[in-house]
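In terms of our numbering, the sequence shown opens at residue 181 and continues consecutively.
Yeah, the Cβ is synthetic: ideal placement off N, Cα and C, and Gly gets one too.
This structure is a prediction, so every number in the text was calculated from the model and none was measured.
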Amino acid sequence: GAGSYIGEFFLDYAAKYYGDNFTISSIDMQDPEWKEHDFSKYDIIYHVAGIAHADVGNVSDETKEKYYSVNTDLAIEVARKAKAEGVKEFIFMSSMIIYGESAPYGKKKVIDKNTVPAPANFYGDSKLQADVAVREQADDNFKVIVLRPPMIYGKGSKGNYPTLSKLAKKLPIFPDVDNERSMLYIENLCEFLCQIMLVKDFEKNAIVLIPQNREWTKTSEMVKEIAEISGRKIKVIKGLIPAVYIGSKMPGQIGRLVNKAFGNMVYSLSISNYSDINYQNSLLRESIRRTEENNTSEREDKKNRKHILVVSQYFYPEQFRVNDICQEWIKRGYKITVVTGIPNYPQGEFYDGYGYNQKRTENWEGIDIIRLPIKPRKTGAVNLAMNYISFVIEGYKWVRKTNIKADEVFIYEVSPMTQALVGVWYAKKHDVKCNLYVTDLWPENVAIVLGIHNKVFLGLIGAMVDYIYKRCDYIFTSSMSFIDKISERGISKDKIIFWPQYAEEFYKKVNRGKILEIPDDGIMNLTFAGNLGTAQGLDVLVDTAKLLKNENILVRFNMIGNGRYEDELKKHIKDADVGEYFNFIPRQAAERIPEYFAWSDAALITLSKSEVYSMTIPAKTQSCLACGMPVLVSAD
């Protein structure tokens, strides 16, 4: 469960307090290569991978199946592999949820050693099935320990605690309800784990353990403690109890939330006491103080971290390069906000059903996205021009009204240059640095993209480009040849920087091992990576496959990526009866692309006219050249 909250916290805790006692590896179970990992070198496998925090109110059968696949089937598969490869001990994270939901407001629920698990929903059942199945595999050579902890909280935790913390810092009053909940502070859990791994030798081959804090928690007391530690005052009032009672009786989501917050569910304190294990070191107030101090520190870090506003008229899942740039900044701790347009296509994999006439915000992989309503992009010069102009108009309105304060602007100009006006206007209004990334030359590309050759119109576009260039602090280019062209417009070469589309460091760590999505069967592999769009001229590969088939020559075109043209391309492949020549692989992270290129026999580059005549080396070509491999180029 690499990357999981509990797993990562345990890694840090064990390293800090038990550094000489453990050698710990973490394995990402979302990567299918875990099945090839050698478990025989480990004494213990601690399985914490799973899906939690289920909204069980309205869930599809597909979602339920996913919970069983991860929480049940995966856990069983890992346990079997551990046993088969000689691991001595297997520790599995079950949950209190296997005993069902908490008792509603006004009723008690105490779980003791005689309580029989009775899950109330698919989430609890998925955990219970694994809980039982992994214990069934135990024998004298394979010990199995199952943990059924209550709600876990601490620095960075998810679930109910962050919600209570937010309420404690915003509300002036809170209901003073007498309820009881079992909880477990993350550091108490980690201390428990370290001790059962190092100290305690259980006689039974399979055992269930239930760690919890030394005392039960009252919701109103916890909220009061959080507020006090955070420097706020909140009054807990008995007079709000009738409102809680009414809320608990309401059907649907409101009733569930009220009962979840003020209901009762505890383990008897006695079942969590184990001889030779002293783990309940942090009492409630101390654990809240540590959690909130850490959270305050994190909030300050977030408040102080650099905020970059990215302007890109097109920002969709298949827009690889600008996405990858933003993800690199996220990794380095920057806050990223992207101002972009509504998707231009009404159907398909990336359309979310909202339509085109309403501004909206969303978050994608840690990036805050503001989507402005723009005219759908259609063929023809007039339609394209309306698409570009609509973004400029909506962007101008947004710049005038927005309260977002960024430290710097980054404009990703893939096409058209008009979108850069929005970034320039924002930078001028807020007096911040403005950087521009140029992937096409304007007005040179106007004739190619829009089919317009009018000198007056081109002169106006040129004036706009000059206005943008002169108001940018730095201009980054995807091609060395652009530096001279841009400088000819009166821009100093000192502020024009060649920036290849992908960071060079990716190509210094090329993994030449087996790529699982490509069979190792001796067939020549030619690999394309990028956007599967209309501009790439990909049908040339279908025509090539037909010619090769006539000559009885079999090669494999590995197509890495997604895009609007993907379905149509697959239809052309099917109609041409050349499916055996194509292997489609979903979009990969930028740092993985060199692995595919280096493993292949040659790279495929297909260029449209606009790319040929823009006098640039496209990003795909740059990536291939950086790998030092043969490149097959087809230019329309």
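Closest by C-alpha distance to residue 266, out of 279, 218, 230, is 218.
Annotated as distal: residue 419 and residue 282, with beta-carbon spacing of 7 Å or more. By the Cβ test, the segment 600–607 is in contact with the segment 570–583, since at least three Cβ pairs between them sit closer than 8 Å. Here the segment 459–470 makes contact with the segment 403–419; the two share three or more CB pairs at distances below 8 Å. A distance below 8 Å between beta-carbons, with the five flanking residues on each side excluded, links residue 364 to the following residues of its chain, in chain order: 329, 330, 331, 332, 333, 391, 392, 393. DSSP places residue 322 in no alpha helix (DSSP H); its state is neither H nor E.
Three or more Cβ pairs closer than 8 Å define a contact, and the segment 607–615 meets that threshold against the segment 648–665. The DSSP-derived three-state label of residue 756 is helix. Residues 649 of the same chain have their beta carbon placed closer than 6 Å to that of residue 671, with the five preceding and five following residues left out of the count. Note: residue 543 is bridge-paired with 548 in the DSSP secondary-structure output. Here the C-alpha atom of residue 612 lies approximately 24 Å from the C-alpha atom of residue 658. The closest CA to that of residue 441, considering only 619, 375, 345, 490, is found on 345.
Per DSSP, residue 353 lies in no alpha helix (DSSP H) segment; the continuous beta strand (DSSP E) that holds it begins and ends at 353–355. Pairing residue 255 with residue 227 gives a Cβ-Cβ distance under 7 Å.
Sixteen is the threshold: since fewer than 16 other Cβ atoms of the shown chains lie within 10 Å of the Cβ of residue 430, the residue is exposed. Look at residue 644 here: in three-state DSSP terms it is helix.
Shown here for residue 271: same chain residues with a beta carbon closer than 6 Å to its own, the five before and five after excluded, namely 226, 325 in chain order.
Per the Cβ contact rule, the segment 747–758 is in contact with the segment 712–724 (3 or more Cβ pairs under 8 Å).
If the five residues before and after residue 399 are omitted, its C-beta is found closer than 8 Å to the C-beta atoms of 344, 357, 359, 361, 441, 442, all from its own chain and listed in chain order.
Classified as exposed, residue 423 has fewer than 16 neighbouring CB atoms from the shown chains inside 10 Å of its CB. Taken in chain order, the unbroken stretches of alpha helix (DSSP H) that lie wholly in the segment 418–498 and span 4 residues or more are 421–429, 432–442, 464–484. In the three-state DSSP reduction, residue 570 falls in the helix class (H, G or I). Residue 767 and residue 774 have their C-alpha atoms some 13 Å from each other. In chain order, 333, 334, 335 place their CB closer than 7 Å to the CB of residue 471, counting only its own chain and leaving out the 5 sequence neighbours on each side.
In this model, residue 746 and residue 205 are separated by some 39 Å (Cα to Cα).
If you look at residue 737, you'll find it in the beta strand (DSSP E) that goes 735–740. A straight-line Cα-Cα distance of about 6 Å links residue 638 and residue 623.
Contact check for residue 809 and residue 769: beta-carbon distance about 19 Å, past the 8 Å limit, so the pair fails to qualify. Its Cα nearest to that of residue 459, the residue 375 stands out among 375, 247, 314, 805.
By the Cβ-count criterion, residue 350 is exposed, with fewer than 16 other Cβ atoms from all chains shown falling within 10 Å of its own Cβ.
Between residue 519 and residue 550, the gap from beta carbon to beta carbon is short of 7 Å. Rounded to whole angstroms, the separation of the alpha carbons of residue 378 and residue 618 is 58 Å.
In this structure residue 762 touches residue 737 by the C-beta definition: roughly 5 Å separates them, less than 8 Å. In the structure shown, the three-state DSSP call for residue 722 is helix.
Residue burial annotation: residue 706 is buried, with at least 16 other C-beta atoms found within 10 angstroms of its C-beta.
Here residue 247 is buried, its C-beta having at least 16 other C-beta atoms within 10 Å.
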